[in-house]
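First to last, the protein sequences are chains A and B. Using the working numbering, the letters of the first sequence map in sequence onto residues 1 to 395. Using the working numbering, the letters of the second sequence map in sequence onto residues 1001 to 1688. Virtual Cβ for every residue (Gly too), placed ideally from N, Cα, C. Just so you know, these numbers come straight off a predicted model, no measurement behind them.
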Amino acid sequence: MTITHYSSKSTRSNRSAPTQLSDVPSLWWRIDLPMVMLVLVLGCFGIAMIYSSSRGPDPENYLRLYSDRQTLFLALGVVLMFVVALVSSQRIRLGAWGFYAAAVLLLLLVLSPLGSEQRGAQAWFEVGSFQFQPSEFMKLAFIVAMAAFLSNSNGALSGPRLLTCLVIAAIPTLLIVFQPDVGTAVVLLVIAVTMIVVGGVRLRQAVLLGLLAIVAMGLLLSSSLLETYQRERLSVFISPDSEEVDTYNIEQAQIAVGNGGFLGQGYGNGSQTQSGRVPEQHTDFIFTAVGEELGFVGAAGTVVLYVLLLWRIAKLGRRSSDTYGKLVATGVLAMLAFQGFQAAGMTVGIMPVTGIPFPLLSYGGSSMLATCMAVGLVLGLETGGKRVSDPHYIR
Amino acid sequence: MAAKFPRSTTIRIGAIFGVVVLLFTGLLIRLWYLQVLQTEEFQIQAQTFEPANTIRYLPIKAPRGRILDANGKVLVDNRKVNVVTLDARVVREQLTEEQLDDYLLHLAREISRHGRPIKVRDIAAQVSDRRYGPDDQIPIAYDVREEFAIIVGERGEELPGVRLLETSIRHYPYGSLAAHVLGYVGSITLEEVEARQGHPKRYNPNDEIGKAGIELAFEDVLRGTPGWLEIQISPLGRVVSERQILAPQAGFDVQLTIDVNLQALVEQQLRQGLLEAQNREVDLDEEEAELVNPLLPPATYPAPAGAAVLTNPTNGDVLAMASYPTFDPSQFVLGISEEQFDQLIDPESYAPFNNRAVAGAYSIGSTMKPFTAYAGLSSGLIGSRGYVDVHELIEDTGSHVLQDCIGQCEFTNARGESYGNIDLRLSLTVSSDVYYYQLAEEFSIRPGFDEEQVQKTAREFGFGASTGIALPFEYQGLVPDSEIKRQRHEANPEAFPDPSWRVGDTLNIAIGQGDMSATPLQLTNALGVLANGGTLYASNIAKAVINPLTSAQVTSYAPRVIRELYMPPSISQPINDGMVGVTSYNLGGYRGTAVEAFNGFPNGWLVAGKTGTVEVLDKNDTSVFMAYGPTAEPQYAMTVVLEEAGFGGQAAAPVVRQVFQALATNSVPQAETLPDEDFIASAIAEQE
């Protein structure tokens, strides 16, 4: 084949040869374009909603601070996404324990005076005017480490190995509970359970695990680790009519979403959103702004787009050429699915209020970067040299 | 391959995704329920939700007027800076004491982290300051880094009631130039607010107000009228809407008669004059010299302070006014500590804050002699039918003994020098005391003459009364007479044991010693009468009030004549000639007291001057010099007073000479403005 004379088709077939797998340029066409597009569309949509919910009351002087910063975060996130995707997944696998150890170290550091407290949680490092939340990156390191560990199990999980899994999960979870950031701790547990299930848990073990989870939950709720307000939030969710606790957030969020109706109040016109009655509406409660201003059409559309993204992740996982890849995709799927469901669910009253950002939509640098890198992990998975959307690819 | 990739994993992923789809379908159903089925109910709730927003009104600060020099150069303008404020209601009513302590600690840390170190007790002092009412935004710190806005915005719940607002502070393009004239603005006190209840320019507790100088004198003009901002606050304390319902109106600019270039020149020469005196050995008479330890290095003059005033004698405009030591008005911009303020008014450090040009009480020494001469000439004591004719010579033997006298009866020239035969003109040129002792005595004893003629003349020239300058804290001076002496004795017999007026008192006044005191501005103003041929003008420091939007003059200040004095050439000529001799006559053993200082001065621009060397108890002499020029048509009158600096001709005269030389040769340098960026930095450095 001559260099000057080749068609795109011949290039593809050439590059799809397994010998070319390690070529970096070949990754560019292997990359799942729909997934990248979905990330970009959701990210940009998020910026628009952040602007609407944070621009402030003065039409002469709208605040662009948050939307501008989020644009920066998204741009940085997309770059990181490609960087992660371009690194061979085998390399990441080899480094898995290093990442895990580093992330745990950061979690320990953030509890020291080096970290700083915000909204009642010792969960941040301050770097200039930016805040960095190590628990977001812990989730990634945890997914990679769990995948590396479980993929050595060859399908079945022995008792001691399952126990090891639990320890791997318990260390960061407890450190995050100590901050205390129960929401993120729950995300870690969900990731852990999902990955263990996919990684080959036996029925007996699953039942045992379920019982353990119930006991752990009970202990957590009755322990002094939970702040009063956190326990209250959970009990509000269980019995919303209890009068002793503040149900303001939930009420206001639901009124906002309900107020949106089928077509919404219009972008920038949500009365609840624009009057700032919903707290944290540019971060954790961003979905209320979507619901009120863009209505059922916008909210459902957002959900559909988000599920499409999850579908691409599941699909890439299923087509991954090794167990490690499948498990990484499973972890990312579990993480994004649970966070999205939780963040949207709490605004409509089907989940308790915990401070979890809606991936790609909510304002927040650490969350945006971590989410993009997670997608990058999935994008970079080896698929035996086949393009995922390649019709000739047979699994 | 199938063994390596167990099919079950793939199936399990599919199953998990199935669960995900189920969950999100549930979410969609819930959305349908809320947004389609139940939407009407929620829409009603959204419209009627209680509690309602509260509405508050905040004043919008109006920019303060600028201060301009005679040619429109900006001496004081405004600079925008941000200010961290605390909502008084939030911190005082919504937090317990314990919460407040934690909160203020947290706030102090955040502000300190953003470039403005602040202590908890400073914030606490502001919070508990009574002048802020419950609706006020209490200013905590100025000029924090912009990133603080992010803290306020992103973590607003952590810092309830904190806002980052924009405000304007005074900016001084020429640094400390003319500091005493300009004055400064500072935080309004509770008393000042209460005194201005119902003022049309609505004063608020976190306002600033002129405290000294032009800033104080023209407060009513410079201050703008604040606007009103209506803000709606949600039950969560978040600002829902902001609406300006009354626009703030900027204050008017004040244009001064001060010329910034002349001001800079005069200040520089004043400093230079003091510096030179500080390097000059103290001139001792024989008696004093014997007491000095010869092993010590010779003493130099301390020359710690002084003042200089330059006016236009044809209309009373003040062209330059300097006082030393001086201060930097930008010290006040971000608030000044009590210690710093005390230092500015401490006599130990020569009270830098004191504007000596209008508030300094000085004996004027021999610079009184031209006015005593006027008293003699206008009353006829000097003249063909008086005690001595204008050109008649009197022998100055160096001392004068009073007739029929008890107590101190012999009065001598300084240093006991004798000047030989002198007439009126030479008496001014060489500064003979004896000549004026004789005049004073004759006033007291010669029938048909008023024994208080010298004091009356002094008052006619404006001594002992306000110059009418629009600057605060003016000292009115003192021209003592028998009545005043008696009153002072009655008020304080120990300090003033002698109740009755003596001829010796008149002698002292005639040569500017004794209890008579005046300000440098008063002396310059009186000198102006000699220069312009008989008109006493009130001193003008302001030229006009200008509307900054239209640049139109709102008010202009015309020259104000206080009185006209009788001054035909037969009176003014000999005085003028004698004073010209002070700077130029050096013949036949008669030598003008400032000839040395004016050596080499440009020809054709004659200067009429008079030196003064004031004896001060336990201190070195105060050096005084006053002069006007050019004598053909006087345009400038200037006075320099240097404390503890020696002879008038030696210390003060060179200062006037340098300024007049620049005027005569048209070489007044351009005043330099400070580099811009230094401003905030220096203001902050001052504060720390």
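Apart from the 5 residues on each side of it in sequence, B:ASP1515 sits with its Cβ closer than 6 Å to the Cβ of PRO1480 in its chain, given in chain order.
Between the segment 80-91 of chain A and the segment 368-380 of chain A there are three or more C-beta pairs closer than 8 Å, enough to call the two in contact. Within the same chain, and ignoring the five residues on either side of B:ASN1586 in sequence, the residues whose Cβ sits closer than 7 Å to its Cβ are GLY1592, VAL1595. In the DSSP assignment, A:VAL187 falls within the unbroken alpha helix (DSSP H) covering 182-198.
Taking a beta-carbon distance threshold of 9 Å, B:ALA1046 counts as an interface residue toward chain A. Look at the segment 334-368 of chain A and you find no whole run of beta strand (DSSP E) that is 3 residues long or longer.
Excluding sequence positions up to five before and after B:ILE1469, its CB lies within less than 8 Å of the CB of VAL1318, VAL1358, LEU1521, ALA1538, SER1539, ASN1540, ILE1541, all in the same chain and listed in chain order. Per DSSP, A:GLU251 is not a residue of any beta strand (DSSP E); the alpha helix (DSSP H) it occupies stretches across 248-260. The Cβ atoms of B:HIS1114 and B:PHE1148 lie closer than 9 Å to each other. Nearest to B:PHE1252 by C-alpha distance, out of B:LEU1536, B:SER1466, B:GLY1065, is B:GLY1065. If you draw a straight line from the Cα of A:VAL328 to the Cα of B:VAL1019, it comes to about 18 Å.
Contact between B:GLY1578 and B:THR1429 holds: their C-beta atoms lie close to 5 Å from each other, under 8 Å.
Cβ contact annotation for B:GLN1272 (same chain, cutoff 6 Å, sequence separation greater than five): none. Chain A has no Cβ within less than 9 Å of the Cβ of B:VAL1083.
In the DSSP secondary-structure assignment, B:LYS1610 is bridged to B:MET1626. Among the CB atoms of chain A, one or more fall inside 9 Å of the CB of B:GLN1035. Boundaries of the alpha helix (DSSP H) around A:TYR306: 286-319. Taking 9 Å as the threshold, the shortest C-beta distance from A:PHE99 to chain B does not fall below it.
Neighbourhood of A:LEU333 in chain B, by CB distance below 9 Å: ILE1013, ILE1016, PHE1017, VAL1020, in chain order. Listed by position along chain A, the residues whose Cβ is nearer than 7 Å to that of B:PHE1024 are VAL303, VAL307, PHE341. Inter-residue distance for A:PHE296 and A:GLN342 is about 18 Å (C-alpha atoms, whole angstroms).
According to the DSSP assignment, B:HIS1114 belongs to no beta strand (DSSP E), since it is labelled neither H nor E.
According to DSSP, A:VAL375 shares a beta bridge with no other residue. Here B:ASP1396 is bridged, per DSSP, to B:GLY1420.
Counting only the Cα atoms, A:LEU108 lies some 25 Å from A:LEU336. Cβ neighbours of B:ALA1440 within its own chain (closer than 6 Å, five residues either side excluded): THR1506, LEU1507, ALA1510. Annotated as proximal: B:LEU1642 and B:SER1623, with beta-carbon spacing under 9 Å. In this structure, DSSP gives A:THR173 a helical state, which the three-state scheme calls helix. Residue contact check for A:ILE255 against chain B: a CB pair falls below 9 Å. Secondary structure remark: continuous alpha helix (DSSP H) runs of at least 4 residues inside the segment 1317-1374 of chain B, in chain order: 1338-1345, 1356-1359. The C-alpha of A:PRO357 is placed about 13 Å away from the C-alpha of A:GLN70.
DSSP places A:TRP97 outside any beta strand (DSSP E); the residue lies instead in the alpha helix (DSSP H), whose first and last residues are 96-111.
Proximity of A:LYS139 to chain B, defined by a Cβ-Cβ separation below 9 Å, is not satisfied.
Membership of B:GLU1192 in any beta strand (DSSP E) is not indicated; the residue belongs instead to the alpha helix (DSSP H) covering 1190-1195. Within 10 angstroms of the beta-carbon of B:THR1096 lie fewer than 16 other beta-carbons, which makes it exposed. Sequence-ordered contacts of the segment 1089-1118 of chain B with chain A are nonexistent [C-beta pairs closer than 7 Å].
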